[in-house]
Amino acid sequence: MKAVAVIPGKANSIHLRDVPKPTVSDVTDGRGVLVKLLRVGVDGTDKEINAAEYGAPPPGDDYLIIGHESFGVVEEVGPQVTELQAGDYVVATVRRPGHSLYDQIGMYDMTTDDVYYERGINLRHGFLTEYFVDAPEYLIKVPQGLKAVGVLLEPTSVIEKGIAQAYEIQRRLRIWRPKRAAVLGAGTIGLLTTLALRIRGLEVCAFGRTKPPYFNADLIHHIGGCYHSTQDTTLVQEAHDHGPFDVIFEATGYSPLVFEAMNILGKNGVLILSSVTGGGRKVEVPADRINLGFVLGNKVVVGTVNANREYFEIGVKDLSQAELQWPGWLSKLLTHPVKGLESYKELMKTLTEAKGAIKVFCEVAEP
Ligand code: BGC
Ligand code: ZN
Numbered sequence: 436m437k438a439v440a441v442i443p444g445k446a447n448s449i450h451l452r453d454v455p456k457p458t459v460s461d462v463t464d465g466r467g468v469l470v471k472l473l474r475v476g477v478d479g480t481d482k483e484i485n486a487a488e489y490g491a492p493p494p495g496d497d498y499l500i501i502g503h504e505s506f507g508v509v510e511e512v513g514p515q516v517t518e519l520q521a522g523d524y525v526v527a528t529v530r531r532p533g534h535s536l537y538d539q540i541g542m543y544d545m546t547t548d549d550v551y552y553e554r555g556i557n558l559r560h561g562f563l564t565e566y567f568v569d570a571p572e573y574l575i576k577v578p579q580g581l582k583a584v585g586v587l588l589e590p591t592s593v594i595e596k597g598i599a600q601a602y603e604i605q606r607r608l609r610i611w612r613p614k615r616a617a618v619l620g621a622g623t624i625g626l627l628t629t630l631a632l633r634i635r636g637l638e639v640c641a642f643g644r645t646k647p648p649y650f651n652a653d654l655i656h657h658i659g660g661c662y663h664s665t666q667d668t669t670l671v672q673e674a675h676d677h678g679p680f681d682v683i684f685e686a687t688g689y690s691p692l693v694f695e696a697m698n699i700l701g702k703n704g705v706l707i708l709s710s711v712t713g714g715g716r717k718v719e720v721p722a723d724r725i726n727l728g729f730v731l732g733n734k735v736v737v738g739t740v741n742a743n744r745e746y747f748e749i750g751v752k753d754l755s756q757a758e759l760q761w762p763g764w765l766s767k768l769l770t771h772p773v774k775g776l777e778s779y780k781e782l783m784k785t786l787t788e789a790k791g792a793i794k795v796f797c798e799v800a801e802p
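Every letter in the sequence shown is one number past the one before it in the numbering used here, and letter 137, counting from 1, is 572.
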């Protein structure tokens, strides 16, 4: 079968290759599930992997099949699988357990191991291919009604984890009624975060670089959020005008903003950091001021990566809620479909060059 792969460590090595089709017996104890891929999303991580800045092949292989944002349909299940059946739509989690305590209890997203295993990213093959096999523990069932937007579930799971972690941490306050949130970044992650926070009833100000008129700003307004271009205003200005933020979710990929966000976080507030920044950027910061604000304001900053099945399940709930409350809104995020695995060059070109792209994805097969 066809697969889109890279040679990790070699820039722009993306290529199409022929790999053996997996079978349900690849998973032990009759627990294999064979999934036919329908759609696979790509994001900044794939860009970095193809630029040889990130990613590693599974032991024994010199290539890595990329793609970690899956959506497919179950074609066959092993004799010991009761959770799923042929015809079910599913999305796979990305990380696979290592060895720490957290890995052993299904919280592989919180691993303390130095090495982590991620399908399509690090040491495990991904989903930009025709079929994959996995155990049902790693497969989340997507209701029929969400099949048009199911490819958004993996990025949604990542933001759901960040938000759930914030609520979990804020249990320290006994009562926490967050009113105002700032979302830094208005791309796919920023939009999905805005959505999840709007569903939870918060006022949301999203910040991006682009000046309106801007399609993403319209999307934010449609679900009752507001949008500010950082070319027109600053975080400090907005916090000054409207009052401090109870929650800030950072998803720009530009790490200096983290310290600005720390500066404008409200008392008892929580700042969630989700950008994977591989570079070596340095900035000068008002260290005493930030520290003082954190100490006197009992503030928290938390980093978050990846997601386990709990957060995918919360994602299914929020995507369903979104379809009911703002029908058609999620589909508008699916801006750039690219048909067929053999169009992998166009897929990468669209990912790196397309103006106004929100979600770029490969239509691997028809349902
Ligand atoms: C993926 C996460 C992953 C992270 C770090 C992101 O693009 O969506 O699942 O944990 O990259 O590799
Ligand atoms: Zn990703």
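Every residue, glycine too, gets a C-beta built ideally from N, C-alpha and C. Because the structure is a prediction, the values reported are computed rather than measured.
The DSSP assignment places complete beta strand (DSSP E) segments of no fewer than 3 residues inside the segment 736 to 785 at 771 to 774, in order along the chain.
Burial state of His560 is buried, judged by a 10 Å Cβ sphere holding 16 or more other Cβ atoms. Gly704 counts as buried, since no fewer than 16 other beta carbons sit within 10 angstroms of its beta carbon.
Bridge partners of Ala616 according to DSSP: Val639 and Val682. The nearest non-hydrogen atom of ligand 2 is less than 7 Å from the C-beta of Thr480.
Asp544 sits away from Val468, with the two beta carbons spaced by 8 Å or more. A check of alpha carbon separations from Phe562 across Arg612, Gly732 and Val477 identifies Val477 as the nearest.
With 16 or more neighbouring CB atoms inside 10 Å of its own CB, Lys794 falls in the buried class.
Taken in chain order, the whole beta strand (DSSP E) runs of length 3 or more contained in the segment 536 to 611 are 552 to 554, 566 to 569 and 574 to 577. Rounded to whole angstroms, the Cβ separation of Val529 and His503 is 5 Å, and the two are in contact under 8 Å.
Inter-residue distance for Tyr524 and Leu706 is about 34 Å (C-alpha atoms, whole angstroms). In this structure, Pro590 has its beta carbon less than 7 Å from a heavy atom of ligand 2. DSSP places Ala440 inside the beta strand (DSSP E), whose first and last residues are Lys437 to Val441. Residues Ile634 of the same chain have their beta carbon placed closer than 6 Å to that of Gln756, with the five preceding and five following residues left out of the count. In the structure shown, the three-state DSSP call for Asp461 is helix.
With respect to Tyr746, Lys596 sits close: the two C-beta atoms are nearer than 8 Å. With contacts defined by Cβ atoms closer than 8 Å, Ala440 and Ile484 do not form a contacting pair.
For Glu504, the uninterrupted beta strand (DSSP E) run begins and ends at Glu504 to Val512, by DSSP. Contact check for Leu765 and Leu587: beta-carbon distance about 6 Å, within the 8 Å limit, so the pair qualifies.
Note that the C-beta distance between Gln520 and Asp464 is not below 8 Å. DSSP places Glu719 outside both helix and strand once states are collapsed to three, so it counts as coil. Of the residues Glu638, Gly625, Ala621 and Leu630, the one whose Cα lies closest to the Cα of Pro613 is Glu638. The closest heavy atom of ligand 1 lies 7 Å or more from the beta carbon of Arg452. In this structure, ligand 1 has no non-hydrogen atom nearer than 7 Å to the beta-carbon of Asn485. The closest heavy atom of ligand 2 lies less than 7 Å from the beta carbon of Glu504.
Inclusion of Asn741 in the 7 Å shell around ligand 1 follows from its C-beta lying nearer than that to a non-hydrogen atom of the ligand. Sequence-distant partners of His656 (beyond 5 residues in either direction) whose C-beta falls short of 8 Å from its own C-beta, in its chain, are Tyr662.
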